[in-house]
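These notes are about the structure you will find just below.
There are 2 protein chains.
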Amino acid sequence: MHSVKGHHESTTLEIAHHARVSTATVSRALNRVPNVDPQLAERVWKTVDELGYYPNTQARFLVSGRSRVLGLIVSEMVNPFFPEVVQSFEDIAVQHDYEILLSSTVHDPKRWELAVRRMIERRVEGVALLTFAEEDSLTEKLHSRKISLVSLDDAPSARSGRKIQVDYQNGIREAVQHLAALGHVRIAFVAGPSHLKSSQERKAAFERSMKEVGLEISSDLIVVGDHSLEGGIRALPPLMSLVDPATAVMCSNDMTAIGVMRQAYDSGIEVPRELSIVGFDGIRLTQFMTPPLTTVQIPQVELAKLAFTALREQIEFEHKDDSEYVIPTQLVVRRSTATVLKSEHKRQLKSS
Amino acid sequence: MHSVKGHHESTTLEIAHHARVSTATVSRALNRVPNVDPQLAERVWKTVDELGYYPNTQARFLVSGRSRVLGLIVSEMVNPFFPEVVQSFEDIAVQHDYEILLSSTVHDPKRWELAVRRMIERRVEGVALLTFAEEDSLTEKLHSRKISLVSLDDAPSARSGRKIQVDYQNGIREAVQHLAALGHVRIAFVAGPSHLKSSQERKAAFERSMKEVGLEISSDLIVVGDHSLEGGIRALPPLMSLVDPATAVMCSNDMTAIGVMRQAYDSGIEVPRELSIVGFDGIRLTQFMTPPLTTVQIPQVELAKLAFTALREQIEFEHKDDSEYVIPTQLVVRRSTATVLKSEHKRQLKSS
DNA sequence: CTGTTAGCGCTTTCAA
DNA sequence: TTGAAAGCGCTAACAG
């Protein structure tokens with residue numbers, strides 16, 4: 008039975024008294040150091056149980072110099088890409104006895120600075136930067152304090168720390184091939200903000216993939232959005248009012264795709280019969296749309312695990328080699344894509 | 008200029024030497040204790056800046072006995088209700104110089120126990136329990152250690168700590184009145200798991216509201232779901248195959264509503280023309296649906312703020328009165344609800 | 001107003 | 001194998 012009356016925090020000293028041993032022995036027993044008399048250890052554990060003792064990590068880590076806390080900086084929790092990442096990161100961190108210090112930057116330099124300060128003051132042992140745009144001077148600050156770093160390779164010029172590279176090409180190629188196989192020729196692309204490296208790469212991957220399947224990329228089929236719902240909404244009309252309109256649209260991220268879907272709905276365009284839509288990111292809510300969205304998935308759980316592992320390797324094994332990690336992407340076909348509508352049908356539709 | 012070369016952690020002692028004062032004075036200056044010679048304080052701050060000193064919170068809080076860490080336990084990050092709550096809670100906590108220790112329980116007793124242990128070991132000063140079902144014995148454990156608690160008043164028998172009550176009635180009343188005003192009479196309700204107090208209250212509020220507007224609640228219009236997408240999918244068919252089918256359905260939560268919407272889509276039932284749908288919770292993604300979902304909003308930001316404030320009052324002002332906090336709910340009309348289809352039209356539809 | 005000193009709770013030499 | 005004692009970085013008496 009655990010005693011619940013331990014209203015005041017018990018300490019190693021107290022345990023030591025009750026168990027008639029020294030604090031050193033208590034410490035050894037607690038940490039399962041070999042060569043401790045089993046009898047004594049037993050007494051210690053019994054007392055620990057009776058008194059409801061929990062070690063004080065503040066004290067423990069003051070002396071050991073290791074906080075066992077990892078910083079996790081994300082852009083914003085409310086961006087649906089991140090909750091799964093945070094959850095998974097927490098899961099695995101806790102399994103390995105680390106705590107996480109979560110910070111959302113909300114794209115605000117002030118918040119950024121605050122986040123870095125918090126991380127340093129709490130003496131985190133490493134920081135995972137899972138954001139889409141980072142502040143170089145601040146990561147430099149972390150790096151200069153010998154704090155291990157991992158980040159998505161999305162920042163334009165970040166140099167310090169390990170990088171995780173997203174393999175945009177593969178998933179996007181699959182998506183383009185999928186659309187081509189469905190007979191689509193007029194495939195549009197709604198790009199993201201051009202200052203983000205990840206946007207550029209997605210667009211480049213699209214163009215490359217189109218070439219590979221021998222499809223033409225006419226510039227009127229490329230429009231630039233901003234990775235938001237509104238961006239998607241605005242993107243569609245110009246694409247549909249072309250003399251030869253798009254029959255499918257690929258989007259640089261899921262929110263854009265959702266915007267496109269909304270605009271299609273509001274314009275009476277039926278998805279997927281008259282228009283196929285493909286998203287990118289694989290956020291959870293794409294499953295919930297009507298119809299569920301075909302998208303290119305970045306495996307968030309894998310990403311989180313990889314980030315953690317990379318950090319842990321640096322911290323515990325002082326791995327210093329600069330190999331980049333790469334995370335694959337994959338097409339998930341759902342119900343927002345379908346065979347292209349044959350021209351005769353289209354004409355019928357128009358005249359009706 | 009901040010020096011970046013401070014590769015080894017500087018300490019108050021070091022600052023003291025450089026500034027030619029004692030560590031006590033360093034501490035005083037840093038904490039802006041009054042009655043410190045401005046000259047000395049100036050020297051201290053300058054040195055702090057030069058050496059890139061950041062206080063070690065572990066040490067600071069070891070002596071002060073205050074960790075300035077708050078536990079935040081949620082059911083699961085991937086439940087779309089929580090990210091906003093977490094984000095807001097973090098925001099306000101950080102503003103007040105608290106750190107948060109996040110834990111998702113994932114409805115797993117093991118995780119629950121682990122969460123509580125983590126909280127105790129890190130010596131959190133308070134815990135916000137923002138979950139839909141809690142483990143009584145564990146909150147008791149926290150309580151017995153004099154850790155401040157706030158929780159949603161959803162657990163069946165939780166006694167310890169402050170409670171936050173959700174005013175289900177108001178929002179649901181608004182929703183029912185909204186539907187009634189649109190001419191709906193056959194209003195169905197998809198309930199949540201019956202063991203959750205929050206489910207029971209939502210259902211009771213629905214029934215009360217129906218009576219208020221003088222509408223009949225026939226038992227074939229009440230079905231029980233499980234707060235999941237699948238539950239919503241399964242709930243709809245029986246409601247539509249009635250001799251006098253539902254024209255509107257209220258759901259105990261948003262995921263259920265989304266499931267209903269999906270099933271309507273798959274059955275060729277047009278929303279909102281042939282069927283109105285109302286959700287509950289006001290999770291973000293309801294805005295993104297096609298059509299955007301009418302729902303009863305629990306103000307997540309307010310909820311998080313309230314939880315934080317309640318905790319802070321207990322911690323810093325030792326407020327001990329047991330007044331319950333109540334959080335209002337409100338109908339948000341979007342586009343999944345519309346005037347009931349007149350009977351003649353329905354007949355036309357059927358015969359066509 | 002400032003410095004000296006004694007801890008906070010724990011781990012870790014170093015002797016015994 | 002165990003205990004005594006020092007010390008992690010900081011704050012808070014207590015003298016001066």
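Line order of the protein sequences matches chains A and B. If you want this note's numbering, it's the position in the first sequence, counting the first as 1, plus 7. If you want this note's numbering, it's the position in the second sequence, counting the first as 1, plus 7. Glycine is no exception: its CB is placed at the ideal position from the N, C-alpha and C atoms.
Practice problem: Determine which residues share a DSSP beta bridge with leucine 136 of chain B and list them. | Solution: B:Ile80 and B:Ser158
Quiz item: Comparing alpha-carbon positions, which option in B:Val40, B:Arg125, B:Asp227 and B:Gly168 lies nearest glutamate 331 of chain B?
Solution: B:Gly168
Exercise. May I ask you to report which of helix, strand or coil DSSP gives methionine 257 of chain A?
Key: strand
Quiz item: What three-state label does DSSP hand serine 274 of chain A in the structure shown?
Solution: coil
Practice problem: Please look up how many angstroms separate the CB atoms of isoleucine 240 of chain B and glutamine 270 of chain B, rounded, as I've assumed it's under 8 Å. | Solution: 5 Å
Quiz prompt | Proximal residues of chain B, C-beta to C-beta of lysine 93 of chain A below 7 Å | solution = The sequence shown places valine at residue 93 of chain A, rather than the lysine named in the question. The answer, in chain order, is Met84.
Quiz item: Grouping DSSP H, G and I as helix and E and B as strand, with all else coil, what is arginine 169 of chain A?
Solution: strand
Self-check item: Cβ of isoleucine 179 of chain A within 9 Å of any chain B Cβ
Solution: no
Practice problem: State yes or no: is the C-beta of glutamine 337 of chain B within less than 9 Å of the C-beta of glycine 178 of chain B? | Solution: yes
Quiz item: When you compare each of A:Leu37, A:Ala253 and A:Lys312 to serine 158 of chain A by their alpha carbons, which one comes out closest?
Solution: A:Lys312
Quiz item: Are the beta-carbon atoms belonging to leucine 300 of chain A and arginine 341 of chain A less than 9 Å from one another?
Solution: yes
Practice problem: Give the secondary structure of glycine 238 of chain A by DSSP, where H, G and I count as helix, E and B as strand, and everything else as coil. | Solution: helix
Exercise. Assign leucine 356 of chain A to one of three DSSP states: helix, strand, or coil.
Key: At leucine 356 of chain A the pLDDT is 49, less than 50, meaning the model places this residue with poor confidence; the figure from the coordinates comes in the next sentence. Leucine 356 of chain A falls in the helix class under three-state DSSP.
Exercise. Could you check which residue in B:Val197, B:Leu156 and B:Ile284 has the C-alpha nearest to that of threonine 138 of chain B?
Key: B:Leu156
Quiz item: Looking at the C-beta of aspartate 98 of chain B, does it have a partner C-beta in chain A at a distance below 9 Å?
Solution: yes
Quiz item: Taking contact to mean at least 3 C-beta pairs separated by less than 8 Å, is the segment 188 to 205 of chain A in contact with the segment 253 to 273 of chain A?
Solution: yes
Quiz item: Using a C-beta to C-beta distance shorter than 7 Å, which residues of chain B count as neighbours of glutamine 65 of chain A?
Solution: Gln65, Phe68, Leu69, Ser74 and Arg130
Quiz item: Mapping DSSP to helix, strand and coil, what is threonine 146 of chain B?
Solution: helix
Quiz prompt | Residue range of the unbroken alpha helix (DSSP H) whose run includes phenylalanine 315 of chain B | solution = 307 to 324
Quiz item: Under 9 Å between C-beta atoms, does tyrosine 61 of chain A make it to chain B?
Solution: yes
Exercise. Using a Cβ cut-off of 9 Å (strictly closer), state whether serine 259 of chain B contacts chain A.
Key: no
Exercise. Could you check the C-alpha separation between glycine 275 of chain B and asparagine 86 of chain A for me, to the nearest Å?
Key: 32 Å
Quiz item: Which class does tyrosine 374 of chain B belong to by DSSP, given the choice of helix, strand or coil?
Solution: Residue 374 of chain B lies beyond the residue range present for chain B, which begins at 8 and ends at 359; the question has no answer from this structure.
Quiz item: Counting contacts by CB-CB distance shorter than 9 Å, is asparagine 87 of chain B in contact with chain A?
Solution: It should be pointed out that residue 87 of chain B corresponds to proline in this sequence rather than to asparagine. True, the Cβ-Cβ gap to chain A drops below 9 Å.
Self-check item: Nonlocal neighbours in the same chain, by C-beta distance under 6 Å from threonine 18 of chain A, ignoring five residues either side
Solution: none
Exercise. Could you tell me which residues DSSP pairs with alanine 304 of chain B in its beta bridges?
Key: The amino acid at residue 304 of chain B is misidentified as alanine; the sequence shows glutamine. B:Asp288 and B:Gln337, per the DSSP bridge assignment.
Quiz item: Any idea if asparagine 4 of chain B is buried or exposed, counting beta-carbon neighbours within 10 angstroms, 16 or more meaning buried?
Solution: Nothing about residue 4 of chain B can be reported from this structure: the residues present for chain B run from 8 to 359 only.
Quiz item: Does DSSP put serine 226 of chain B in a helix, in a strand, or in coil?
Solution: helix
Quiz item: If we call anything under 9 Å between Cβ atoms a contact, is threonine 54 of chain A one with serine 82 of chain A?
Solution: no
Quiz item: Cα separation between leucine 201 of chain A and cysteine 258 of chain A?
Solution: Sequence check: residue 201 of chain A is serine here, not leucine. Between serine 201 of chain A and cysteine 258 of chain A, the C-alpha separation is close to 14 Å.
Exercise. Please list the residues of the segment 97 to 128 of chain A that have a C-beta atom closer than 9 Å to any C-beta atom in chain B, keeping them in chain order.
Key: Glu97, Asp98, Val101, Glu106, Ile107, Leu108, Leu109, Ser110, Ser111, Val113, Arg118, Leu121, Ala122, Arg124, Arg125, Ile127 and Glu128
Practice problem: Hey, could you find the ends of the beta strand (DSSP E) phenylalanine 68 of chain B is sitting in? | Solution: Phenylalanine 68 of chain B -> not in any beta strand (DSSP E); alpha helix (DSSP H) instead, spanning 64 to 71.
Self-check item: Cβ contact (3+ pairs, closer than 8 Å) linking the segment 57 to 71 of chain B and the segment 87 to 100 of chain B
Solution: no
Quiz prompt | Backbone secondary structure at alanine 36 of chain B - three-state DSSP | solution = helix
Practice problem: Check the C-beta distance from leucine 77 of chain A over to tyrosine 60 of chain A and give it rounded, since I have them as a contact under 8 Å. | Solution: Actually they do not touch by this definition, with Cβ atoms about 26 Å apart.
Exercise. Decide yes or no for the touch test of the segment 118 to 132 of chain A against the segment 108 to 126 of chain B: beta carbon pairs closer than 8 Å, at least 3 of them.
Key: no
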